[in-house]
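Right, one structure below, let's go through it.
Numbering (our numbering), first residue to last: 5 to 591.
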């Protein structure tokens with residue numbers, strides 16, 4: 005049987021940077037050619053970045069994507085790389101009107117292309133369009149209705165895009181009907197906790213359904229609130245893992261696959277399963293020379309869960325800062341667990357020399373909180389200063405005479421104003437330290453601790469904040485380094501310190517219990533009855549649900565941050581601000 009050397013490029017792409025993304029493809033193809041690859045592939049919408057959102061609706065951007073694709077094909081040939089077929093994603097448009105989908109001529113498509121010998125020899129669009137969670141692809145795209153197959157070195161390779169594997173039917177059974185020897189799917193595939201196992205089982209199942217070796221190529225990096233962890237996978241027709249790329253790392257998964265020779269004898273445009281039509285193109289028929297020692301794929305170990313989540317948060321922050329051209333970040337350091345974890349993430353993402361911390365004590369700030377903030381700065385090496393807010397607070401109080409919650413929130417808003425002033429003066433972007441538990445219950449101050457350009461832990465429940473902090477300290481200790489987060493920060497009761505002796509438990513249930521209820525209500529969309537039936541106190545459930553429902557307007561104004569759960573606040577969970585529906589006790 006022929007042996008095909010496959011190069012899967014698990015790389016990052018930046019939305020809108022057509023030239024930069026094309027340069028990445030060119031550089032990687034050159035390296036693949038030097039290593040004897042017969043087919044090179046890149047992720048979904050590699051040329052434009054992913055997701056492009058409403059950029060897809062701009063005809064100028066679609067035209068620029070198409071032009072960049074043809075320029076790239078030409079340049080590959082000019083540099084002597086044209087004989088190596090390249091598969092990559094880009095943004096295209098449908099030439100003809102599609103009344104079936106209510107779309108006019110020129111409607112955009114999430115597409116991929118095959119480049120070979122200076123030409124775009126084949127294009128195709130994603131068949132299954134996701135329309136759940138963070139995905140809005142029915143809003144933008146027209147689906148493709150072909151099964152693209154390219155014959156490379158005597159092997160028929162069926163091509164698919166991301167959701168084509170996640171949904172039943174379509175291109176997977178069509179690949180079997182077309183007698184493909186390899187099914188190659190290019191993906192973006194945003195990160196979520198526990199998705200690694202789900203992804204592997206999916207690829208295994210689809211390989212058995214398609215009856216052929218299956219390669220699942222994914223993106224790394226991050227874009228706004230989405231993180232991409234890579235985890236590209238190749239399995240044989242029985243689902244045995246042949247190769248697996250590391251998470252959160254750019255990588256070229258290069259391996260030799262022994263595959264069946266092409267056997268298709270039917271028409272190149274034959275009808276297949278689920279209404280798809282075959283689009284078969286022959287690029288090369290002769291098998292490659294018998295190589296020496298075959299390249300066997302490596303199988304990178306999976307990360308422990310805490311490390312996986314932590315690295316996702318680091319990747320999200322790094323991409324947001326670097327891709328938007330920011331130089332440094334500013335964190336308000338209270339000595340508490342949330343700001344301490346955010347500071348540690350920032351130092352790991354950018355380097356401590358690009359992280360600036362400021363302690364802003366008030367009369368209610370405890371001495372240990374002040375010293376914990378300073379100790380964190382000493383351990384990490386970030387820039388640190390102290391700016392007391394007492395004089396500002398006294399001036400406001402003399403003018404307004406505030407009491408109670410208004411007095412407490414004034415302190416938070418003074419800190420927010422101070423942070424934004426330093427941001428404007430010195431050019432840092434502010435990081436908001438709120439966690440998912442607080443955001444769910446509205447336990448934050450608008451225009452106070454909610455100010456900032458990015459919120460690294462907004463999708464992390466409080467109990468997980470502690471888990472990540474302990475993991476980060478343990479990882480440092482294992483490497484013989486100083487743990488970044490002071491032990492006192494990990495052991496003291498959490499408090500906003502806006503009044504004497506204040507604790508979070510004064511306003512919220514115990515976090516261990518709170519987070520369990522929130523996960524059911526927010527992440528799993530369970531109602532009051534289901535949560536109570538699971539054994540939770542009815543009064544507690546009603547309280548938590550009421551807090552969550554009435555805080556929607558606060559969450560809508562919070563900065564973006566990396567999504568790590570199955571349902572984060574934002575694109576995943578969209579509720580009306582004006583909403584009288586409440587989960588109440590059944591009559």
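Even glycine gets a Cβ: it sits at the ideal position worked out from N, Cα and C. Quick caveat: nothing in here was measured; it's all calculated off a predicted structure.
Item to check | Reduced DSSP secondary structure (H/G/I, E/B, other) of residue 330 | outcome: Coil.
Checklist entry - How is the alpha helix (DSSP H) around residue 83 delimited, first residue to last? => result Where residue 83 is concerned, there is no enclosing alpha helix (DSSP H), given that its DSSP letter is neither H nor E.
Item to check | Closest by C-alpha distance to residue 178, when choosing among 236, 107, 143, 282 | outcome: Of the listed residues, the one whose Cα sits closest to residue 178 is 282.
Checklist entry - Nearest CA to the CA of residue 376: which residue from 565, 368, 389, 338? => result Out of 565, 368, 389, 338, 338 has the C-alpha closest to the C-alpha of residue 376.
Checklist entry - Should residue 4 and residue 175 be called a contact, given that it needs their Cβ atoms to be closer than 8 Å? => result What the structure shows of the chain is the stretch from 5 to 591, and residue 4 is not part of that stretch, so it cannot be assessed.
Item to check | alpha helix (DSSP H) segment containing residue 415, residue limits | outcome: It spans 408-430 - the alpha helix (DSSP H) in which residue 415 sits, taken as one unbroken run.
Checklist entry - Is the region 210-223 touching the region 70-83, taking contact as three or more C-beta pairs under 8 Å? => result With a cut-off of 8 Å, the region 70-83 and the region 210-223 do not count as touching, because too few Cβ pairs lie within range.
Next on the checklist: In the DSSP assignment, the beta strand (DSSP E) including residue 492 goes from what residue to what residue?
Outcome noted: In the DSSP assignment, residue 492 falls outside any beta strand (DSSP E) and within the unbroken alpha helix (DSSP H) covering 491-495.
Item to check | Separation of residue 242 from residue 204, as counted between CA atoms | outcome: Each residue's alpha carbon lies about 13 Å from the other.
Item to check | Stretch-stretch touch, CB-based, cutoff 8 Å, three pairs: the region 379-388 with the region 407-426 | outcome: The region 379-388, when compared against the region 407-426, does not touch it at the 8 Å Cβ threshold.
Checklist entry - Where does residue 189 sit, in a helix, a strand or coil, going by DSSP? => result Residue state for residue 189 is assigned as strand, using DSSP reduced to three classes.
Checklist entry - Can you name, in chain order, every residue of its own chain whose Cβ lies under 7 Å from the Cβ of residue 293, other than the five neighbours on each side? => result Answer for residue 293: no residue qualifies.
Checklist entry - Is the Cβ-Cβ distance between residue 467 and residue 525 less than 8 Å? => result Their beta carbons are not under 8 Å apart, which means residue 467 does not touch residue 525 by this criterion.
Checklist entry - So, is residue 257 buried or exposed, given that buried needs 16 or more other C-beta atoms within 10 angstroms? => result Buried, because 16 or more other Cβ atoms sit within 10 Å of the Cβ of residue 257.
Checklist entry - Does DSSP classify residue 389 as helix, strand or coil? => result In the three-state scheme derived from DSSP, where H, G and I count as helix and E and B as strand, residue 389 is classed as strand.
Item to check | Close Cβ partners of residue 346 (< 7 Å) along its chain, the five nearest in sequence each way excluded | outcome: Closer than 7 Å at Cβ, skipping near neighbours: 335, 435, 437, 460, 461.
Next on the checklist: Could you tell me the alpha carbon to alpha carbon distance between residue 601 and residue 348, rounded to whole angstroms?
Outcome noted: The question about residue 601 has no answer, for the chain in this structure spans 5 to 591.
Next on the checklist: Quick check on DSSP: helix, strand or coil for residue 131?
Outcome noted: DSSP places residue 131 in coil when its eight states are reduced to three.
Checklist entry - Is it true that the CB of residue 447 sits closer than 8 Å to the CB of residue 522? => result In this structure, residue 522 sits away from residue 447, with a CB-CB distance that is not shorter than 8 Å.
Next on the checklist: What does DSSP give as the partner residue(s) for residue 12 in the beta ladder?
Outcome noted: For residue 12, which the question treats as bridged, DSSP gives the partners 45, 257.
Item to check | Residue from 374, 69, 109, 536 whose Cα sits closest to the Cα of residue 517 | outcome: Nearest in C-alpha terms to residue 517, of all of 374, 69, 109, 536, is 536.
Checklist entry - Which residue comes first and which comes last in the beta strand (DSSP E) that contains residue 217? => result Unbroken beta strand (DSSP E) run through residue 217: 217-221.
Next on the checklist: Quick check on residue 229: does DSSP put it in helix, strand or coil?
Outcome noted: In this structure, residue 229 counts as coil in the three-state DSSP scheme.
Checklist entry - Under three-state DSSP, which class holds residue 252? => result Residue state, collapsed to three classes: coil.
Checklist entry - With DSSP run on the structure shown, which of helix, strand or coil describes residue 123? => result Note: residue 123 maps to strand in three-state DSSP.
Next on the checklist: Determine whether the beta carbon atoms of residue 118 and residue 89 lie at a separation below 8 Å.
Outcome noted: Their beta carbons are under 8 Å apart, which means residue 118 touches residue 89 by this criterion.
Checklist entry - How big is the Cα-Cα spacing for residue 167 and residue 510? => result Residue 510 has its alpha-carbon roughly 46 Å from the corresponding atom of residue 167.
Next on the checklist: By DSSP's criteria, residue 160 is part of a beta bridge. Which residues make up the other side?
Outcome noted: The bridge partners DSSP lists for residue 160 are 155.
Next on the checklist: In whole angstroms, give me the CA-to-CA distance for residue 421 and residue 433.
Outcome noted: Rounded to whole angstroms, residue 421 and residue 433 show a C-alpha spacing of 13 Å.
Item to check | Cβ neighbours of residue 287 in the same chain (closer than 8 Å, five flanking residues each side left out) | outcome: Non-local C-beta neighbours of residue 287 in its own chain, meaning closer than 8 Å and more than five positions away in sequence, comprise 89, 118, 120, 125, 154, 155, 156, ordered along the chain.
Item to check | Three-state secondary structure assigned by DSSP to residue 591 | outcome: Confidence in residue 591 is poor, its pLDDT being 48 and thus under 50, which makes the residue's placement too unreliable to answer from.
Item to check | Buried or exposed by the 16-neighbour rule on C-beta atoms within 10 Å, applied to residue 541 | outcome: It is exposed - the Cβ of residue 541 has fewer than 16 other Cβ atoms within 10 Å.
Item to check | Residues sharing a beta bridge with residue 458, DSSP | outcome: Answer is 435.
Next on the checklist: Less than 8 Å between CB atoms is the rule here; does residue 114 satisfy it with respect to chain D?
Outcome noted: Chain labels in this structure do not include chain D; a single protein chain is all it has.
Checklist entry - If you check the beta carbons only, do residue 223 and residue 94 fall under 8 Å apart? => result No, Cβ-Cβ distance for residue 223 and residue 94 is not below 8 Å.
Next on the checklist: Our contact map puts residue 52 next to residue 327 with C-beta atoms below 8 Å; I'd like the distance itself, whole angstroms only.
Outcome noted: Contact doesn't hold; Cβ gap of about 14 Å is too wide.
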